[in-house]
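Heads up, the sequence shown is in this note's numbering, so the first residue is -2 and it goes up one at a time. The beta carbon of each residue, even a glycine, is placed where N, CA and C say it ideally should be. Worksheet for the structure shown next.
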Amino acid sequence: MRHEWIVEEVEKVFDELDAHLQKTAGQSGLKCPDFCGMCCRKIDIEASPIEFMPLAAWLYKTGRVDEFLERLDHPKHPWCACFDPDASARGAWGCQYYEHRGLICRLFGFGFRLNRESLPVLVTCKIMKSTQTEAVAKAGEMAAMHPEEMPIFSHYFMRLLAIDPDLAVPQMPINDAIRIAIEKFYFHYLDQQESEK
Ligand code: SF4
Ligand code: SF4
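Given below as structure tokens:
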């Protein structure tokens, strides 16, 4: 039950975060250019296993675990296993598991970190900064006027930490985080089968 509970709690946090980001991005006008996905082409993205517990649960529920482990074990590219680098050429977004992406994936580009003065600073990419100067400036103005209304990385991280510190604290390469989340469910189901015998 605990694993299912964790997934439900993480999904609640993600739903709130998505609504929060939609509101602030809508107000500032921040928007990724269609089918960009350049931030998924970083080889050093780090995440924690808890961020991918919903993905792991969904993979088990839909019978897609083996297919996903194949992606992890025999990677066709050096990036996140969820990423399809050929998608943008087809006019599609690159994340193949977008609905189940991690916290970092949701926040990057649109979320804020707190600086030394505890004021929110937008964490975004060079593409946004160079192509959306007005929206980036507007997001900065909004943060200065209403800092308490901005989606802050550390606030959402703390929410995940409160759900399960063991799964939220370790930061690691994103594919390792996904693998650990999948393994957690594997052992969870194994335990369940044992207890039913
Ligand atoms: S956050 Fe930046 S790099 Fe990532 S998809 Fe949006 S514009 Fe592209
Ligand atoms: S989970 Fe999706 S959005 Fe996050 S890095 Fe991987 S491909 Fe990109």
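query: Is residue 170 helix, strand or coil by DSSP?
result: strand
message: Considering only heavy atoms of ligand 1, does any lie closer than 7 Å to the CB of residue 42?
response: no
message: Let me check one thing: in DSSP terms, what residues is residue 118 bridge-paired to?
response: 110
- prompt: Hey, how far is the Cα of residue 6 from the Cα of residue 47?
  reply: 10 Å
field: Buried or exposed (CB count within 10 angstroms, at least 16 for buried), residue 184
entry: Classification of residue 184: exposed, given that the 10 Å Cβ count is below 16.
- request: If I'm right that residue 175 touches residue 78 with Cβ under 8 Å, what's the distance once you round it to whole angstroms?
  value: 6 Å
query: Is residue 95 near ligand 2, judged by its Cβ being under 7 Å from some heavy atom?
result: yes
message: Quick check: residue 10 and residue 156, are their CB atoms within less than 8 Å of each other?
response: yes
- prompt: Looking only at C-alpha atoms, which of 188, 160, 181 sits nearest to residue 2?
  reply: When only C-alpha atoms are compared, the closest one is 160.
field: Inter-residue Cα distance where the pair is residue 29 and residue 80
entry: So the alpha carbons of these two residues sit roughly 16 Å apart.
Cβ contact check for the stretch 162 to 181 and the stretch 133 to 149: 3 or more pairs under 8 Å: no
message: Tell me the rounded alpha-carbon separation between residue 107 and residue 15.
response: Approximately 10 Å, taken between the alpha carbons.
message: Less than 8 Å between the beta carbons of residue 201 and residue 38, yes or no?
response: Examination of residue 201 is not possible in this model, given that the chain is present from -2 through 194 alone.
- prompt: Which residue from 143, 99, 123, 74 puts its Cα closest to that of residue 24?
  reply: 143
message: Let me make sure I understand the geometry here. Which of -1, 8, 0, 17 has the alpha-carbon closest to that of residue 150?
response: 17
query: Can you round the beta-carbon distance between residue 154 and residue 100 to whole angstroms, since I take them to be within the 8 Å contact cut?
result: 7 Å
task: Run the CB neighbour count on residue 94, radius 10 Å, all protein chains shown included, and call it buried at 16 or more, exposed below.
output: A residue is called buried when at least 16 other Cβ atoms come within 10 angstroms of its Cβ; residue 94 meets this threshold and is buried.
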